[in-house]
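Contents: one structure, followed by commentary.
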Amino acid sequence: MNDRYNNLIDVEPVSGQRLAVIIPALNEARTIGDVIDRIPREIDGIDSIRVIVIDDGSRDATAEIATQHGATVVQHPRNLGVGAAFAAGLEYALRSGADVIVNMDGDGQFRPEDIPDLIAPILTRRYGFVTCTRFADVEKLPEMPQIKLWGNRMMCRLVNAIIGGDGFTDVSCGFRAYSRDTALRMNLFGSFTYTQETFIDLAAKRISMTEVPLVVRGEREHGKSRVASNLWHYAFRTSSIILRALRDWRPLLFFGSIAVTFSGLGVAMLAFVGWWWITFHQTSPWTSLITVGGVFAVMGVAFAVLALIADQIGRSRKIQEQLLYMQRQQAYARSGSELDRATPLRENLIEPAFQATTI
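Below, the structure is given as structure tokens:
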């Protein structure tokens with residue numbers, strides 16, 4: 033970590049923690065074994081380390097190789113998406129009694145040796161969520177196409193604007209760490225990806241978050257990313273997830289902005305026609321604007337009412353999520369012993385609290 037982030041580990045870390053490293057994987061047979069082998073087996077403050085590979089419908093030997101290298105493997109009968117794989121891994125880690133959960137890819141882009149640096153802020157108990165940043169330290173910038181760099185910057189600005197800050201430099205990196213309490217509070221719905229949605233979800237719950245600059249390979253060594261292989265498709269899918277998260281967590285802003293837009297346009301049209309009539313004593317050739325402006329104004333009022341209703345529903349949601357959090361605490365209470373084996377999770381068996389829905 034550079035000097036900017038040294039203050040994150042000034043506090044004496046806690047000890048006796050259980051670490052779970054979850055690795056969603058799809059056809060990563062060429063790299064998964066090396067990634068598992070490079071995960072540190074001894075970390076200050078950590079008593080036990082468990083590697084959990086979520087085989088998301090691979091058609092190669094990903095599951096077999098991961099098992100040979102000592103990982104617990106949870107298999108999906110078919111490809112459900114990165115978001116669903118992450119949710120399944122999170123569920124299994126919690127059931128295993130993990131206190132700290134790290135998520136990383138199985139393609140070798142992230143350095144497993146950096147896990148101690150990534151979880152250090154979690155172990156101080158000052159932060160509940162830590163993400164790797166590829167762009168904060170100019171000396172650690174990865175090599176990637178300029179269009180991807182630009183896309184990451186734009187996505188970062190959008191998410192920072194939504195959560196009310198400008199401190200994060202990377203909201204798309206999948207190398208992350210979560211405290212147990214943070215994982216219990218998370219509610220994610222995107223099956224395509226989860227990276228940006230996580231920020232919005234945790235910011236709404238006032239979870240303390242930070243980022244740590246680490247070296248990341250800019251491009252995969254083998255194959256293409258299943259999430260960002262097509263930039264425009266990725267932008268469309270992630271934008272859809274972000275908008276839905278914004279709708280759910282800041283409904284007054286979401287629907288209120290639409291209400292102001294329609295009302296503003298409607299009032300502007302009616303005002304223009306009114307000025308035209310006062311000046312020229314006729315509404316022609318702008319008579320049609322009276323109808324259009326009136327419709328826009330009515331739509332603005334309708335969205336304003338919808339914003340108030342959605343805000344009230346949002347308040348009820350917060351109460352429901354607190355109750356859900358308490359239920360999860362009981363459901364995933366540590367039993368003192370870890371799960372003996374991985375049970376393949378099928379789509380209808382994924383814990384409802386973490387079930388990812390297709391959008």
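When the sequence shown is numbered by the working numbering, its final residue is 391 and no position is left out of the sequence of numbers.
No residue lacks a Cβ here, since even glycine has one placed at the ideal position from N, Cα and C.
Note that the coordinates shown come from a computational prediction; the quantities given were computed from them, not determined experimentally.
Rounded to a whole number of angstroms, what is the C-alpha to C-alpha distance between residue i and residue j?
i       : j       : result
Glu-96  : Tyr-357 : 35 angstroms
Ser-320 : Val-337 : 26 angstroms
Tyr-226 : His-265 : 15 angstroms
Ala-98  : Gly-332 : 55 angstroms
Gly-121 : Phe-304 : 58 angstroms
Ile-55  : Asp-87  : 8 angstroms
Asn-219 : Leu-112 : 17 angstroms
Glu-370 : Val-46  : In this prediction, Glu-370 scores a pLDDT of 45, lower than 50, which makes its location untrustworthy; no coordinate-derived value is stated.
Leu-51  : Ala-119 : 17 angstroms
Thr-289 : Gln-354 : Residue 289 is actually Ser in this sequence, not Thr. C-alpha separation (whole angstroms): 28 angstroms.
Gln-359 : Thr-104 : 26 angstroms
Leu-58  : Gly-296 : 49 angstroms
His-313 : Trp-307 : 9 angstroms
Gly-183 : Ala-267 : 8 angstroms
Val-85  : Tyr-364 : 19 angstroms
Met-187 : Ala-193 : 10 angstroms
Glu-383 : Glu-123 : Since pLDDT at Glu-383 reaches only 34, below the 50 mark, its modelled position is unreliable, and the value read off the structure follows with that caveat. Using only the alpha carbons, I get a separation of about 7 angstroms.
Asp-139 : Val-132 : 22 angstroms
Val-53  : Ala-291 : 45 angstroms
Ala-130 : Ile-273 : 28 angstroms
Ile-322 : Thr-311 : 16 angstroms
Given residue i, which residues of its chain have a CB within under 8 angstroms of its CB, disregarding the five upstream and five downstream residues?
i       : result
Asp-280 : Gly-346, Arg-349
Arg-70  : Arg-143, Pro-144, Glu-145
Gln-361 : Leu-216
Cys-205 : Thr-163, Cys-164, Thr-165, Arg-166, Thr-227, Val-248
Phe-294 : Phe-328, Ala-329, Met-331, Gly-332, Phe-335
Pro-283 : Ala-339, Ala-342, Asp-343, Ile-345, Gly-346
Leu-278 : Ile-194, Ile-232, Leu-285, Phe-286
Leaving out five residues before and five after residue i in sequence, what residues of the same chain have Cβ atoms less than 7 angstroms from its Cβ?
i       : result
Ile-195 : Phe-231, Ile-232, Ala-235
His-101 : Gly-65, Ile-68, Asp-69
Val-324 : Met-301
Phe-287 : Phe-335, Leu-338, Ala-339, Ala-342
Val-299 : Ala-329
Below 6 angstroms CB to CB, which residues in the same chain sit around residue i once its five sequence neighbours on both sides are set aside?
i       : result
Gly-368 : Here the model assigns Gly-368 a pLDDT of 41, short of 50, so the residue's position is not dependable and the matter cannot be decided.
Ala-209 : Val-134, Leu-150, Ile-151, Ile-154, Val-162
Thr-315 : Val-305, Trp-309
Gly-89  : His-108, Arg-110, Asn-111
Lys-172 : Pro-245, Val-247
Thr-375 : Here the model assigns Thr-375 a pLDDT of 41, short of 50, so the residue's position is not dependable and the matter cannot be decided.
Asp-137 : Gly-206
Considering only C-alpha positions, which residue in the set the options is nearest to residue i?
i       : options                            : result
Arg-91  : Gln-107, Pro-283, Ala-103          : Gln-107
Phe-221 : Pro-174, Arg-185, Leu-275          : Leu-275
Asp-213 : Arg-127, Trp-318, Gly-160, Tyr-124 : Gly-160
Val-115 : Leu-355, Gly-48, Trp-318, Arg-269  : Residue identity differs from the one stated: residue 115 is Gly in this sequence, not Val. Taking only the C-alpha atoms, the option nearest Gly-115 is Arg-269.
Ile-81  : Ala-277, Asn-192, Ser-128, Thr-156 : Ser-128
Thr-201 : Ser-211, Arg-185, Ala-193          : Arg-185
Thr-392 : Thr-94, Arg-238, Gln-352, Pro-72   : Outside the shown range of the chain, which is 33 to 391, sits residue 392, and nothing can be said about it.
Please report whether the beta-carbon of residue i lies at a distance below 8 angstroms from any beta-carbon of chain C.
i       : result
Thr-230 : Note that chain C does not occur in the displayed structure, where there is just one protein chain.
| Taking only runs of the alpha helix (DSSP H) that begin and end inside the stretch 162-229, which ones reach a length of at least 4 residues, in chain order? | 178-195, 212-217
| request: Specify whether the stretch 62-78 and the stretch 144-160 touch according to this definition: at least 3 beta carbon pairs, one from each stretch, less than 8 angstroms apart. | output: yes
| query | Which full runs of the alpha helix (DSSP H) of 4+ residues lie inside the stretch 72-145, going along the chain? | reply | 94-100, 114-127
| Counting pairs of beta carbons, one from the stretch 239-250 and one from the stretch 164-180, are three or more of them closer than 8 angstroms? | yes
| task | List in chain order: all unbroken alpha helix (DSSP H) runs of 4+ residues lying wholly within the stretch 259-301. | result | 263-281
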